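Residue numbering for the sequence shown follows the working numbering, beginning at 2 and increasing consecutively. Read the structure below first, then the notes.
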Amino acid sequence: MNKRQFYVSFLILSSIFIFSQCFRQSSIKDNTDIRGEQFAGSSSCISCHKQVYDTYASTGHFNTSAPATAKTVKGSFAPDHNTFSYTNGSHVIMESRDSGLFQVEYKGSALQAAHRFDIVMGSGRKAQSFLSWKDGKYYQLPLSYFVPVHSWANSPGFPPAYPKFDRIIPGTCFGCHSAAVGIRDVQMEGMRLSEEFEKNQLVYGIDCERCHGPAADHVVFHTSHPAEKNAMHITRIGGLKNQQRLDMCALCHSGLGTPQKSAFDYRPGDALSDYFFPDYTRPVRAAEVDVHGKQYQLFTASKCFVKSNNMNCSSCHNPHRNERDQLELLSRRCMNCHQQENHTFCKLKDANAAKLAANCIDCHMPVSPSGKITLLTDGQASPTPDSMRTHLITVYPEATRKILSRFR
Numbered sequence: 002m003n004k005r006q007f008y009v010s011f012l013i014l015s016s017i018f019i020f021s022q023c024f025r026q027s028s029i030k031d032n033t034d035i036r037g038e039q040f041a042g043s044s045s046c047i048s049c050h051k052q053v054y055d056t057y058a059s060t061g062h063f064n065t066s067a068p069a070t071a072k073t074v075k076g077s078f079a080p081d082h083n084t085f086s087y088t089n090g091s092h093v094i095m096e097s098r099d100s101g102l103f104q105v106e107y108k109g110s111a112l113q114a115a116h117r118f119d120i121v122m123g124s125g126r127k128a129q130s131f132l133s134w135k136d137g138k139y140y141q142l143p144l145s146y147f148v149p150v151h152s153w154a155n156s157p158g159f160p161p162a163y164p165k166f167d168r169i170i171p172g173t174c175f176g177c178h179s180a181a182v183g184i185r186d187v188q189m190e191g192m193r194l195s196e197e198f199e200k201n202q203l204v205y206g207i208d209c210e211r212c213h214g215p216a217a218d219h220v221v222f223h224t225s226h227p228a229e230k231n232a233m234h235i236t237r238i239g240g241l242k243n244q245q246r247l248d249m250c251a252l253c254h255s256g257l258g259t260p261q262k263s264a265f266d267y268r269p270g271d272a273l274s275d276y277f278f279p280d281y282t283r284p285v286r287a288a289e290v291d292v293h294g295k296q297y298q299l300f301t302a303s304k305c306f307v308k309s310n311n312m313n314c315s316s317c318h319n320p321h322r323n324e325r326d327q328l329e330l331l332s333r334r335c336m337n338c339h340q341q342e343n344h345t346f347c348k349l350k351d352a353n354a355a356k357l358a359a360n361c362i363d364c365h366m367p368v369s370p371s372g373k374i375t376l377l378t379d380g381q382a383s384p385t386p387d388s389m390r391t392h393l394i395t396v397y398p399e400a401t402r403k404i405l406s407r408f409r
C-alpha cells in the first residue's frame with residue numbers, strides 16, 4: 002500500500018467512525034440540555050460555585066461561540082465601516098435589519114443575496130468568524146472581523162476575487178467551539194460525511210461540563226447533602242494523572258488530526274489517542290510548527306516541559322480566569338521554578354532581576370505571526386497574518402533584544 006492509499010484508508014475509516022459515534026437525534030424534549038439527562042447544564046453550577054462561574058464567564062473558552070446579535074458581533078454596521086469590495090466588482094455590506102444581521106452581496110447596486118449571521122465563532126479577542134444556517138447546514142460567511150485592525154476581513158482561506166457563501170462547516174469545528182451541537186442526521190455521501198444540524202441548537206462556548214464531565218448526579222447528590230465537602234459523582238481534575246490533564250487541553254489545542262471518535266464524547270480522564278488516529282506525516286522541528294492551534298506540540302517540545310515531571314497547562318494557566326494579558330502574574334508562575342538561589346534564573350546581566358522577573362513571557366514566548374491563519378482587509382494587496390503567543394518556551398534572541406532596549 003502506498004502512502005496515498007494509506008491516508009485515503011485512514012480518512013475512510015475516520016468517516017465511518019465519526020458516523021457511528023456522532024449520529025444522534027437531538028430533538029430531546031424532556032431535557033433542557035441537548036446532551037441528555039446525565040448533563041445538568043452550567044447554570045446549575047452557579048448556586049455552589051458562583052465565584053468560579055462568574056470569573057470563568059469572562060474567559061475566551063466560555064465565549065468561543067455565541068448567538069449572533071448586535072452585542073456579540075464586534076464589527077461595525079455603520080456606513081463607511083461595513084463594506085468589503087472584491088476584485089470582480091462585487092461588494093458585501095454588513096446590514097442590520099429588523100429581522101437580524103446580514104452579510105449582503107451586491108453587484109454594482111443590484112442585490113444578489115442576503116445571508117444571516119446566526120452564530121459567532123471566536124471570543125473576539127483576536128477575530129470573529131460567523132456562521133449562517135440554511136436547510137440543515139451551517140455555512141461560514143465570507144467576511145470575518147479582525148480585531149487588531151478593527152476591520153472586516155476576508156475569512157481565512159476564502160478567495161479575494163469574489164464572495165464565497167458555500168463553505169460548509171462540519172461538526173468537528175463545533176467540537177472545539179461549543180459544548181454540544183444539535184445534529185439532526187448524519188449520512189455517508191460517497192466518501193464524504195454529510196451532516197444536518199438543528200438550527201441554533203448549541204450549548205454555546207466551552208461550558209463547565211465540557212471539562213468536568215456530566216454533572217447531573219453530582220448536582221442531585223450535593224443538593225441533597227449540602228454539608229458534604231468532597232466532590233461526589235464528578236471527575237476530580239486534581240486526581241487525574243499528568244498526561245490525562247494534558248490530554249484534556251490537547252483535545253482542542255493540538256491541531257486538526259484525523260478523528261476516530263467525536264470530540265463531544267470526550268470525558269476527563271480519557272486518552273487523547275482514543276480520539277485521533279496517529280499522525281504519520283513527516284515530523285518537523287518544533288520551531289517550524291505554526292503557532293496557531295498546536296500549542297500542545299509546542300509546549301511539550303519545550304525544555305521546561307521536558308525537564309519537568311509534572312508540568313501541564315494549568316501550571317501556568319488558571320482556566321477559570323481571564324489572565325491572558327497579565328504578563329507579570331504569569332511570569333510569577335515561571336518563578337516557581339526559575340529562582341535566583343537555585344541557579345535557574347535568567348542569565349542576562351543587562352537588566353535588573355526585578356524587571357526580568359516581571360516579564361519572562363515576551364522574551365521566552367513572544368507573539369509570532371501565524372503562517373496558517375491570515376486575513377485580507379478591504380483595500381489590502383496582501384493578507385495580514387493573525388499573531389499568537391508561541392508556546393515553544395525557549396530563548397529568542399531578537400525578542401530579547403527588544404525587551405532589553407526597553408530597560409535602557
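For each residue, glycine too, the CB sits at the ideal point set by N, CA and C. Values in this document were obtained by computation on a predicted structure and should not be read as measured data.
For a test of the three-state rule: what should DSSP assign to residue i, helix, strand or coil?
i: P370; result: strand
i: Q141; result: strand
i: A251; result: helix
i: E197; result: strand
i: Q1; result: Examination of residue 1 is not possible in this model, given that the chain is present from 2 through 409 alone.
i: P215; result: coil
i: T224; result: helix
i: P398; result: helix
i: E106; result: strand
i: L405; result: helix
i: L377; result: strand
i: L1; result: Residue 1 is absent from the model: the chain starts at 2 and stops at 409.
i: Y57; result: helix
i: I169; result: strand
i: Y146; result: strand
i: A67; result: strand
i: Q39; result: coil
i: S156; result: coil
i: A232; result: coil
i: A287; result: helix
i: F277; result: strand
i: E342; result: helix
i: L328; result: helix
Quick check on residue i: buried or exposed, where buried means 16 or more other Cβ atoms within 10 Å of its Cβ?
i: A181; result: buried
i: S44; result: exposed
i: L203; result: buried
i: H144; result: One detail in the question is off: residue 144 reads as Leu in this sequence, not His. Answer is buried; the Cβ neighbour count reaches 16.
i: G214; result: buried
i: R407; result: exposed
i: S21; result: Confidence in S21 is poor, its pLDDT being 41 and thus under 50, which makes the residue's placement unreliable; the coordinate value appears in the next sentence. Under this definition S21 is an exposed residue.
i: S179; result: buried
i: P398; result: exposed
i: Q141; result: buried
i: N343; result: exposed
i: R333; result: exposed
i: M95; result: buried
i: T65; result: buried
i: N231; result: exposed
i: L257; result: exposed
i: V220; result: buried
i: T236; result: buried
i: G372; result: exposed
i: E1; result: Residue 1 falls outside the range modelled here, since the chain spans only 2 to 409, and no answer is possible.
i: H427; result: Past the edges of the chain, shown from 2 to 409, lies residue 427, and the structure says nothing about it.
i: S225; result: exposed
i: D412; result: Any answer about residue 412 is impossible in this case: the structure gives the chain only from 2 up to 409.
i: M366; result: buried
Any idea which residues DSSP pairs residue i with across the strands?
i: K1; result: Outside the shown range of the chain (2 to 409) lies residue 1, about which nothing can therefore be said.
i: L203; result: V182
i: M389; result: S369
i: M189; result: L194
i: G101; result: R98
i: R117; result: F103
i: V93; result: F85, E106
i: L132; result: I120, Q141
i: P260; result: F277
Under the criterion of a Cβ to heavy atom distance below 7 Å, does residue i qualify as lining the ligand MG?
i: H365; result: In the structure on display, the ligand MG does not appear, and there are no ligands present to speak of.
Touching by the beta-carbon criterion (3+ pairs, under 8 Å), the region 259-266 and the region 309-317: no
Segment contact flag, the region 58-65 with the region 317-326, C-beta cutoff 8 Å, min 3 pairs: Cβ pair count under 8 Å is three or more, so yes.
Stretch pair the region 63-75 + the region 327-336: three plus CB contacts closer than 8 Å: The region 63-75, when compared against the region 327-336, does not touch it at the 8 Å Cβ threshold.
Touching by the beta-carbon criterion (3+ pairs, under 8 Å), the region 383-402 and the region 289-305: yes
Those runs of the alpha helix (DSSP H) which lie wholly inside the region 296-320 and span at least 4 residues: For the region 296-320, the full-length alpha helix (DSSP H) segments reaching 4 residues or more read 296-301, 304-307 along the chain.
Meets three-Cβ-pair contact criterion under 8 Å: the region 72-85 and the region 150-165: Touching, per the Cβ criterion.
Validate contact between the region 155-165 and the region 373-393 using beta carbons, cut 8 Å, 3 pairs: Output reads yes: the region 373-393 touches the region 155-165.
Three or more C-beta pairs below 8 Å linking the region 313-320 and the region 236-248: At 8 Å Cβ cutoff, the stretches touch.
Given 8 Å, three or more beta-carbon pairs between the region 102-117 and the region 164-176: yes
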